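Notes for the one structure printed next.
There are 2 protein chains.
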Amino acid sequence: MAGIVACAWELAREQGIAGVTLHGLARAVGIRQPSLYEYFDSKHALYDAMFADGNRQLIERLNAVKLSRDHRAALKQILAAFTAFALEDPARYELLFQRHLPGFTPSPESYALAAEVLNRIVALMRAAGVTAEGDIDCIVAITAGLIEAQLSNNPGGNRWVRHLNRLIDLLVDDAITRSKQ
Amino acid sequence: MAGIVACAWELAREQGIAGVTLHGLARAVGIRQPSLYEYFDSKHALYDAMFADGNRQLIERLNAVKLSRDHRAALKQILAAFTAFALEDPARYELLFQRHLPGFTPSPESYALAAEVLNRIVALMRAAGVTAEGDIDCIVAITAGLIEAQLSNNPGGNRWVRHLNRLIDLLVDDAITRSKQ
DNA sequence: GTCTATATTTGGATAGAC
DNA sequence: GTCTATCCAAATATAGAC
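Line by line, the protein sequences give chains H and E.
Numbering that gives the first Met the number 0 numbers the first residue of the first sequence as 0 and each following residue consecutively.
Numbering that gives the first Met the number 0 numbers the first residue of the second sequence as 0 and each following residue consecutively.
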């Protein structure tokens, strides 16, 4: 089961998330396609298992970050870890954070994992002095914007994401200034 | 021909860009599916015609903006027009600016139209004092980040895009400060 | 230009034996 | 749990008549 999901990720890395088919997955696993229904009730159930697994991977990765005592530095660290996670596997990022799969919506249990990721990051923003919802939205959108520009124009490079820390500073400074008024 | 493309856009708005099929398009136009090959050599040729058409629509929209003499105000105007264009038709934005269609790459002629759009916007950034490539990249990525957050979390609203002007100011100020050093 | 008819491929899903 | 066999649906594309 875990092995099948791992195999599916491998296929996704090679052919994109939409390129994962039950026939292809079964071939890669070494069984016949109908046998997959022993593990997943449907294609969407497979996606959901991958969604949950990917989020668990991400949570583990974020857990592994040794956070600085300085709140702003900690925010930069966590966003850098998130960005690295996104860039190292575009197909995984696509399944977890983009909505390209027609009809797929994660189950509530899987979605809860995604929410935990966001909560974790937002908590660090708050600690760094970014408390207004609008400011939080901006940092989230900017991070995603840099990642998506990087992935679609220059996967493997850093032309866009290298500006992340600078933009965080700009935003955090501005957010703090505004919330003090 | 133009009518067929217009029909395809209508379908895209209803069902998403991936939901445009030759059968469905033929039905909407009032002909049989094989007859479409009289107008387009392939599905991708249809996409390419839509891509070119969408970019022409956007260029026309940008042309219609009465630009302020103040360069920064003009930049805000053009980015606001771009954003409004993006939000009013998510499927069109998807075809023009996201890479969700497996195997589709615009032809050089169509791509030239997209490049013209970008050049137009970059020219206004330069006029506003944003000249470094990195700063230009940041503004592009931030604009796209806000648009994509808006479209995927709250299409029809303005929770994210309402911060665009503020972020432009922040970036332009910072870019000018840096380039003066 | 438009049609009918059909080829071809791809993928998800089910039935039922072992 | 895994298999064979099959079904079904959707979609692109082509052949050839009118």
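We treat Cβ as the ideally placed atom computed from N, Cα and C, and that holds for glycine.
Note that the structure is a prediction, hence the values are computed from the model and not measured.
With H:Asn118 as the anchor, note down where its alpha helix (DSSP H) starts and where it stops. Here the alpha helix (DSSP H) through H:Asn118 covers 107-126.
Members of the stretch 137-149 of chain H near chain E, C-beta cut-off 8 angstroms: Here the close residues are Cys137, Val139, Ala140, Ile141, Thr142, Ala143, Gly144, Leu145, Glu147, Ala148.
Report the three-state DSSP secondary structure of H:Ser34 (helix, strand or coil). In the three-state DSSP reduction, H:Ser34 falls in the helix class (H, G or I).
Inter-residue spacing [alpha-carbon to alpha-carbon] between H:Ile77 and H:Arg60: Inter-residue distance for H:Ile77 and H:Arg60 is about 9 angstroms (C-alpha atoms, whole angstroms).
Three-pair Cβ contact test at 8 angstroms for the stretch 65-74 of chain E versus the stretch 121-139 of chain E: Enough Cβ pairs lie closer than 8 angstroms, so yes.
Please classify E:Gly53 as buried or exposed, where buried requires at least 16 neighbouring CB atoms within 10 angstroms. Buried, because 16 or more other Cβ atoms sit within 10 Å of the Cβ of E:Gly53.
At the 8 angstroms Cβ level, is H:Gly53 part of the contact set with chain E, yes or no? No - not a single Cβ of chain E is within 8 angstroms of the one on H:Gly53.
Is the separation between the beta-carbon of E:Leu74 and that of E:Ile167 shorter than 8 angstroms? A distance below 8 angstroms separates the beta carbons of E:Leu74 and E:Ile167.
Name the chain H residues whose beta carbon is nearer than 7 angstroms to that of E:His99? Per Cβ cutoff of 7 angstroms: His99.
Using a Cβ-Cβ distance cut-off of 8 angstroms, determine whether E:His22 contacts chain H. By this cut-off, E:His22 is not an interface position.
Closer than 8 angstroms, CB to CB, is H:Leu45 near chain E or not? Chain E, which has no Cβ nearer than 8 angstroms to the Cβ of H:Leu45, makes this no.
State buried or exposed for H:Tyr46, treating a residue as buried only when at least 16 other CB atoms are found within 10 Å of its CB. Residue burial is scored here from C-beta neighbours: H:Tyr46 has at least 16 other C-beta atoms within 10 angstroms and is therefore classed as buried.
Exposed or buried, H:Ala140, counting other C-beta atoms within 10 Å across all chains shown (16 or more means buried)? Looking at its Cβ environment, which holds 16 or more other Cβ atoms inside 10 Å, H:Ala140 is buried.
To the nearest angstrom, report how far apart E:Val116 and E:Arg91 are at their CA atoms. C-alpha of E:Val116 to C-alpha of E:Arg91: approximately 15 angstroms in a straight line.
Is there a C-beta anywhere in chain H that falls below 8 angstroms from the one on E:Leu166? Put simply, the CB of E:Leu166 is near chain H, with a gap under 8 angstroms to one of its CB atoms.
Mark H:Val160 as exposed unless 16 or more other C-beta atoms lie within 10 angstroms of its C-beta, in which case mark it buried. By the neighbour-count criterion, in which 16 or more other beta carbons inside 10 Å mark a residue as buried, H:Val160 falls on the buried side.
Examine chain H for any beta-carbon lying closer than 8 angstroms to the beta-carbon of E:Leu169, and answer yes or no. Yes, its Cβ sits closer than 8 angstroms to a Cβ of chain H.
With distances taken between CB atoms, is the gap from H:Ala48 to H:Val19 smaller than 8 angstroms? No; because the gap between Cβ atoms is not below 8 angstroms, this pair is not in contact.
Can you grab the Cα-Cα spacing for the pair E:Ile30 / H:Ala131, in whole Å? Approximately 54 angstroms between the Cα atoms of the pair.
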